[in-house]
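Single-structure report; data block below.
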Amino acid sequence: MSVPQAASSLQICRIMRPDDANIVGNVHGGIILKMIEEAGCIVGTRHCNIQNGDRCLANLVRVEKTEFLFPVFIGEVAHVTAEITYTSKHSLEVQVKVMAENILTGAKKLANKAALWYVPCSLKNVDEIMDVPPIKYASAELEEQGRNRYEAQKMERVETKARIEEVMSSPPNPEQHTVGFSQSSLIHLVGPSDCTLHHYVHGGVTMKLMDEVAGIVAARHCNTNIVTASVDAINFHRKINKGCVVTVTGRLTFVSNKSMEIEVLVDASSLVEAKEEKFRAVSAFFTFISLDKDNKPLSVPPLKIEKEEEQRRFDEGNARYLQNKVKRLANKERQQ
Amino acid sequence: MSVPQAASSLQICRIMRPDDANIVGNVHGGIILKMIEEAGCIVGTRHCNIQNGDRCLANLVRVEKTEFLFPVFIGEVAHVTAEITYTSKHSLEVQVKVMAENILTGAKKLANKAALWYVPCSLKNVDEIMDVPPIKYASAELEEQGRNRYEAQKMERVETKARIEEVMSSPPNPEQHTVGFSQSSLIHLVGPSDCTLHHYVHGGVTMKLMDEVAGIVAARHCNTNIVTASVDAINFHRKINKGCVVTVTGRLTFVSNKSMEIEVLVDASSLVEAKEEKFRAVSAFFTFISLDKDNKPLSVPPLKIEKEEEQRRFDEGNARYLQNKVKRLANKERQQ
Amino acid sequence: MSVPQAASSLQICRIMRPDDANIVGNVHGGIILKMIEEAGCIVGTRHCNIQNGDRCLANLVRVEKTEFLFPVFIGEVAHVTAEITYTSKHSLEVQVKVMAENILTGAKKLANKAALWYVPCSLKNVDEIMDVPPIKYASAELEEQGRNRYEAQKMERVETKARIEEVMSSPPNPEQHTVGFSQSSLIHLVGPSDCTLHHYVHGGVTMKLMDEVAGIVAARHCNTNIVTASVDAINFHRKINKGCVVTVTGRLTFVSNKSMEIEVLVDASSLVEAKEEKFRAVSAFFTFISLDKDNKPLSVPPLKIEKEEEQRRFDEGNARYLQNKVKRLANKERQQ
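Residue numbers (numbering that gives the first Met the number 0), protein chains in the order written: chain A, 0 to 335; chain B, 0 to 335; chain C, 0 to 335.
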């Protein structure tokens, strides 16, 4: 990995601090996601402004499914490398790699790999989408692969709509290990530090809040040290602007022998607009695992299902779980 | 250049930043409360360690009712002056004054005055309360007045217990301007920065979270720029330690023509303790007012009462409101 | 309780938190530099606005060489005292002292002494430099000494230009203990919290980032606990404004038996401006030492020189090292 050369790649690094981690010293997945998005936003915005015309900002619209390969610890230096890997007429793909370096031993490990999609919005008129200057590909094959990824995500984004379900409600005195017992919500008033140059919340800030709630749900369910194992593809349906109150709610949908799937919903509403329109901005599934003192996975208590819709969500989660397992095995075989 | 004068007084100052304020530029009351408590904790801890014996930490047990006299703005410098004004065998009173200075015009205004009670806890054994070294009073009259304040708060602390009500619940689709409509909750995972020395949350951190929730409740009710006008006496019933999840919930109890009273409850529970014992750590009443563009008070929409217990809480709030009004008038007359 | 005395002096204090320190508990030098600059900016801005006329802001243009005399630890209270010690027609000198107080034992130590030069810029037109109201000196001798310091720094500021070297580049797979091995970069998107009044980054924020990168370089070279020992005089050539991306790069220039000299370059460029003009905003030399568990200095691995220009920079660093050694000895003798 080399130092920032071209406008289309970038490297960030930062020491992980106590506030970035839980009490055991594991850096929160949300902190990693936030760094990844900051790098993506810089490299994307910089690229979209290399041409003449209105100034614009790269706006996150989608993060592909991402896996946390190794836990990162306090005192380690996280190196985030971002590179533009595909451009369509109105969107661009940034691939990001996170290496964690123990500066005392020199050991390095690959902590995360992610792919993000951005759309450039004019600074004059946020609803106007601008053209993306094309990049040059090292080979026709790389371009072809990029186009396939582009088509695949486009189709998925059209299919997936924000889940516009009712407010999550829970029984007053839930029993331990039920869905209602661990369900958690937080509200956050969007402040200046959460926002881009525009007055819109960085996608990374939203992901950090989502990871925080998911982590509390997971810890309440199993009362152990928990870490983010993966995040499903996330689509950002609506921009959230300054002065909004964001409500982030998480609930368990599925529990396997050693993992928990948590659905997280993000709703936003303006504090000062009288009409008080509340909208579903983002939704995603986070998977957490429980670790013992030596960072080995622990068993997770089973989930007590009480209602019909909980069973339906459990079955859907189980299907996702099995699908991912099949994919992982296929990937392994291909690599052999 | 001189070093901190006496061990029993202290001055802190800091420029107010964008992140300390709402979008209109008014610094959040919670930021002021947090600075006040930091000053109190330093001066109290320093005083209790001037003698030989076990090292100890001043632990906040009570804040007297405090009024926000003037709003503070971004870019102003807040000067917080703290002084020990009374000591009993096991507790001490710190009086704190906050001046806001506009460094461009030189204008200064008194933004806040507060009184806090601390109890020294041994660093070896947090449950052991230590002796407080006595201070010297400038006059017998000052000592007498301090003793009266001490007796008064002692009696109140014995009387007030944490309100051990059930979890606040709200109807699924509440109508605007009802109690359920604006009720809000946040959860916060206690991190290292919340607890400096010891492994217990600073009282100031808790007050900041309480103010944040109360502010969201108030803004949801009237959709305007709102600021903290006052906080009732707060008793800290239980210490909250690192690794806890704190749930802070606020709901409207009373609305007058130009003010809103919000009850805020703080519950804490350990994330990693299997028994998952939840406890009510703090409860208090915050009063907010709504301001127009020139910082003049606006009318507040009336509160729609739907349930019997809401009416009961409204009447109690009204009684507190009238009591405060009488007190304020009496104070004014005394000063004339 | 009294309000800030004279307009020309100020005291700030704050408890050091876990996030201010490295994993061993040593507070980062960058945190101290940031507090020093905040105090200087307040006292300077306040002073320049005591007269009628346009309101203005004190803008940091230079920090004199500063030494870190004692490490500061988490839980200690840092007292920063700032005083205006000289005024010329268009600039003023602020001398700052940092005392670290252990509030449990009452022990105090002098952690740092620094001198900063500010120039007042009009709030209406940032490029307009304002007049500085003169201060009164306690003696003609003090004024004379101040004038000498003023003339000396003026000459140096004219001599030193920002080092306009090419971007630092490094070999792809560097060997351990070479310059390329430990070279590090970080990128920071300037946010609202970095710029309080005006839309320009506080000098203290930049110094904190520089110290962070230098610390990473030093730790990578010797894989031990490292702390800032001193910072060379820093000249701030250009203002950095909101919306800029700042790239901070550090590389080893010289290593003695027990110290490492790291050159840090700060480049800034606008994210959205098409011309993408990158400019060198600041450059400086940081010296770090390596500490064992008892905070005693350790030996540092020698630096493997690979290129001609590395040797040239090493020799220049060696000359600075020897010069400082001579100065320190001369100071000692003078004090005896």
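Every residue, glycine too, gets a C-beta built ideally from N, C-alpha and C.
- Our two residues, A:L141 and A:N48, have alpha carbons roughly 24 Å apart in a direct line.
- Chain order gives the chain C residues near A:G105 as Q175, R219 and N222, where near means a beta carbon separation below 8 Å.
- The beta carbons of C:I102 and B:R45 sit closer together than 7 Å.
- Near chain A, meaning a CB-to-CB distance below 7 Å, the residues of the region 177-201 of chain B are S183, S184, L185, I186, L188, G190, P191 and S192.
- Beta-bridge pairing by DSSP links B:I128 to B:C120.
- Rounded to the nearest angstrom, the gap between the Cα atoms of C:T246 and A:D53 is 25 Å.
- Of C:F287, C:V125 and C:T205, the smallest CA-CA separation from C:A57 is found for C:V125.
- The count of Cβ pairs closer than 8 Å, one atom from the region 70-79 of chain C and one from the region 18-38 of chain C, reaches three, so the stretches are in contact.
- A:T104 counts as exposed, since fewer than 16 other beta carbons sit within 10 angstroms of its beta carbon.
- Excluding residues up to 5 positions away in sequence, A114 and A232 lie with their Cβ nearer than 6 Å to the Cβ of B:E63 in the same chain.
- Annotation: the continuous beta strand (DSSP E) that includes A:S183 extends over S183 to L188.
- Sequence-ordered contacts of the region 2-35 of chain B with chain A read P17, D18 and I22 [C-beta pairs closer than 7 Å].
- Taking a beta-carbon distance threshold of 7 Å, C:I215 counts as an interface residue toward chain A.
- Among the residues of the region 256-270 of chain A, those with a Cβ less than 7 Å away from any Cβ of chain B are L270, in the order of the chain.
- Rounded to the nearest whole angstrom, the C-alpha separation of C:E100 and C:E260 is 29 Å.
- The beta carbon of C:T44 sits closer than 7 Å to some beta carbon of chain B.
- Between A:L185 and A:V204, the C-beta gap is not smaller than 7 Å, which leaves the two residues out of contact.
- Against C:I239, chain B offers no close residue; the least beta-carbon distance is about 17 Å (beta-carbon pairs closer than 9 Å).
- Residues of the region 109-142 of chain C that bring their beta carbon within less than 9 Å of a beta carbon in chain B comprise L122, in sequence order.
- The C-beta of B:K238 has 16 or more other C-beta atoms within 10 Å across all chains shown, which makes the residue buried.
- Listed along chain A are I215, each with a C-beta nearer than 7 Å to that of B:V244.
- With contacts defined by Cβ atoms closer than 7 Å, A:H89 and A:I128 form a contacting pair.
- The DSSP-derived three-state label of A:L115 is strand.
- Annotation: A:E140 is outside any beta strand (DSSP E); the continuous alpha helix (DSSP H) that includes it extends over A139 to E158.
- Under the three-state reduction of DSSP, B:I73 is assigned to coil, being neither helix nor strand.
- DSSP places B:L208 in the uninterrupted alpha helix (DSSP H) bounded by G202 to C221.
- A:I83 has a beta carbon lying at 7 Å or more from every beta carbon in chain C.
- Within the DSSP bridge table, the entry for B:E100 names B:V76 and B:K107 as partners.
- B:D266 has B:T246 and B:R279 as its beta-bridge partners, per DSSP.
- Neighbours of C:E37 in chain B, taken as residues at a C-beta separation under 9 Å, are given in chain order as R13 and I14.
- Scanning A:S181, A:H187 and A:S8 for the CA closest to the CA of A:V216 turns up A:S181.
- Listed in chain order, the positions of the region 48-71 of chain A with a beta carbon within less than 9 Å of a beta carbon of chain C are N48, I49, Q50, N51, G52, R54, C55 and L56.
- Against chain A, the beta carbon of C:E305 has no neighbour under 8 Å; the closest one sits roughly 16 Å away.
- Residue environment for C:R219: buried (at least 16 other C-beta atoms within 10 angstroms of its C-beta).
- Per the coordinates, the alpha-carbon of A:D18 lies some 19 Å from the alpha-carbon of A:V97.
- For A:Q310, DSSP records no beta bridge to any residue.
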